[in-house]
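Take a look at the structure below.
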Amino acid sequence: MRLALSACAPFSLQAIITSHGWARLSPFFVEHQTAALGRVERLSTGRVVELIIREAGDGVTVETPDRLEGFEREEVARKVWWMLRLGEDLSPFYEAVREEPRLAHLEREGIGRILRSPTVFEDVVKVLLTTNTTWDRTVRMVEALVTQYGDPLPTDPSRHAFPTPDQLAAVREEDLRAIGVGYRAPYLIDLARRVADGEVDLEQLKDDNLPADRVRRLLQDLQGVGEYATALLMVLVGRYDAIPVDTVARERVSQEWYGGRPVGDEEIDRAFARWGEWKGLVYWWWPWSRDTGCKKQEAECR
DNA sequence: GGTAGACCTGGACGC
DNA sequence: GCGTCCAGGTCTACC
């Protein structure tokens, strides 16, 4: 089966794949030879399929070896639409950065979109697994979680979809610790249980009309989600005025604007304040002149 | 409100 | 080979 989906111009699938490390996190995978983004996906019916996404025409094609029913095709299209932000019109962003020579290439090269998971739940789990650890460990933790608890792909049972909230909610804390997530185990189980029970509706965060304060409060109410994780998740759901301030950001901004002296959150915010609602996206795509902060998270260095 | 220490793991380093 | 230190973001106890 093959689906064709169009995107708001300018568009570059390659730019999305390299937008951050998410494409390296299971169940995403990258076919480097064909420049395709792949993913093992569990549909709402419980069916597990492999999706291969390639750039084509004014958007992408989505291929799967499986024959899908009409409603399944709609679900796949909806998910890919969200993951790649196909409907996002970034022209106001490009307009805002047009006067900045170091960002002028973004529009020309179709850079701006950031890869995200099909569900906010999956992104919250992955962000939790990026905190207080190195990138390589994040990759291993996500891989272990997917392999242990996600549904297998029928045609290749060694590969799995991302586990659902119900599946993670049923896991024992000691079993999660055993796969290496450490102290994050109770946070993950608490999150999965609250989502599975309907106490927390993370998918409502996809709604642009939800007030930013409410989005922030809902995220910060989750165990293990602090200021950095909240800001990163806000950017992922499309709230581009948030800056994920971690040690990498601190060091980069310190070197770029403050002569290497230690900086606080306010100074980081001030450095990007002139881009207003787009400052988080400007931070994301800023061409850092020094190779600071990439000692550990090499996969995220562009 | 601000600060210190614990959480957890793997890599780097010294012996 | 072994022990120690360090890095990462969040939470909690304490002042």
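Here the first sequence stands for residues 506 to 807, numbered as in the working numbering.
We put the beta carbon where it would ideally sit given N, CA and C, even for glycine.
Contact check, residue i vs residue j, beta carbons under 8 Å
i: Glu-546; j: Ala-666; result: yes
i: Val-565; j: Leu-518; result: yes
i: Pro-657; j: Arg-664; result: yes
i: Pro-668; j: Tyr-688; result: no
i: Leu-530; j: Arg-544; result: no
i: Trp-790; j: Leu-633; result: no
i: Ser-524; j: Arg-618; result: yes
i: Cys-513; j: Gly-592; result: yes
i: Arg-507; j: Glu-605; result: no
i: Phe-598; j: Leu-786; result: yes
i: Leu-741; j: Asp-628; result: yes
Nearest candidate by alpha-carbon position, reference residue i, set the options
i: Gly-695; options: Val-630, Pro-749 and Ile-748; result: Note that residue 695 is Asp in the sequence shown, not Gly. Nearest of Val-630, Pro-749 and Ile-748 to Asp-695, Cα basis: Val-630.
i: Glu-600; options: Leu-591, Leu-611, Arg-590 and Gly-592; result: Leu-611
i: Ala-540; options: Leu-548, Ala-520, His-525 and Ser-531; result: Ala-520
i: Thr-660; options: Ser-622, Arg-698 and Asp-571; result: Asp-571
i: Pro-623; options: Gln-760, Thr-639, Leu-589 and Met-646; result: Leu-589
i: Gly-615; options: Val-554, Gly-655, Ile-522 and Leu-650; result: Ile-522
i: Gln-672; options: Pro-515, Ala-582, Ala-701 and Val-742; result: Ala-701
i: Glu-579; options: Leu-548, Met-739, Arg-766 and Gly-685; result: Leu-548
i: Ile-684; options: Pro-532, Glu-648 and Arg-699; result: Glu-648
i: Thr-652; options: Gly-765, Leu-681 and Thr-639; result: Leu-681
Host alpha helix (DSSP H) of residue i (start-end)
i: Ala-561; result: Taken as a continuous stretch (DSSP letters only), Ala-561 belongs to no alpha helix (DSSP H), being part of the beta strand (DSSP E) at 553-561.
i: Leu-693; result: 690-701
i: Glu-614; result: 610-614
i: Glu-546; result: Glu-546 -> not in any alpha helix (DSSP H); beta strand (DSSP E) instead, spanning 541-547.
Exposed unless 16 or more other CB atoms sit within 10 angstroms - verdict on residue i
i: Thr-797; result: Unreliable placement is indicated for Thr-797, whose pLDDT of 42 sits below 50; the coordinate value is still reported in the next sentence. Looking at its Cβ environment, which holds 16 or more other Cβ atoms inside 10 Å, Thr-797 is buried.
i: Glu-560; result: buried
i: Arg-807; result: A caution first: Arg-807 carries a pLDDT of 35, below 50, which makes its placement in the model unreliable, though a value can still be read off. Exposed.
i: Pro-749; result: buried
i: Phe-576; result: exposed
i: Lys-800; result: Any reading at Lys-800 needs caution, since the residue's pLDDT is 35, under 50, leaving its predicted position unreliable; the model's value is listed next. With fewer than 16 Cβ atoms within 10 Å of its Cβ, Lys-800 is classed as exposed.
i: Lys-711; result: exposed
i: Val-625; result: buried
Endpoints, the beta strand (DSSP E) within which residue i is located
i: Asp-661; result: 661-665
i: Ser-511; result: 507-511
i: Val-880; result: One cannot answer for residue 880 here, as it falls past the ends of the chain, which runs 506 to 807.
i: Thr-566; result: 564-568
Any chance the stretch 716-731 sits against the stretch 752-759, with 3 or more Cβ pairs inside 8 Å? Counting C-beta pairs closer than 8 Å gives fewer than three between the stretch 716-731 and the stretch 752-759, which falls short of the contact rule.
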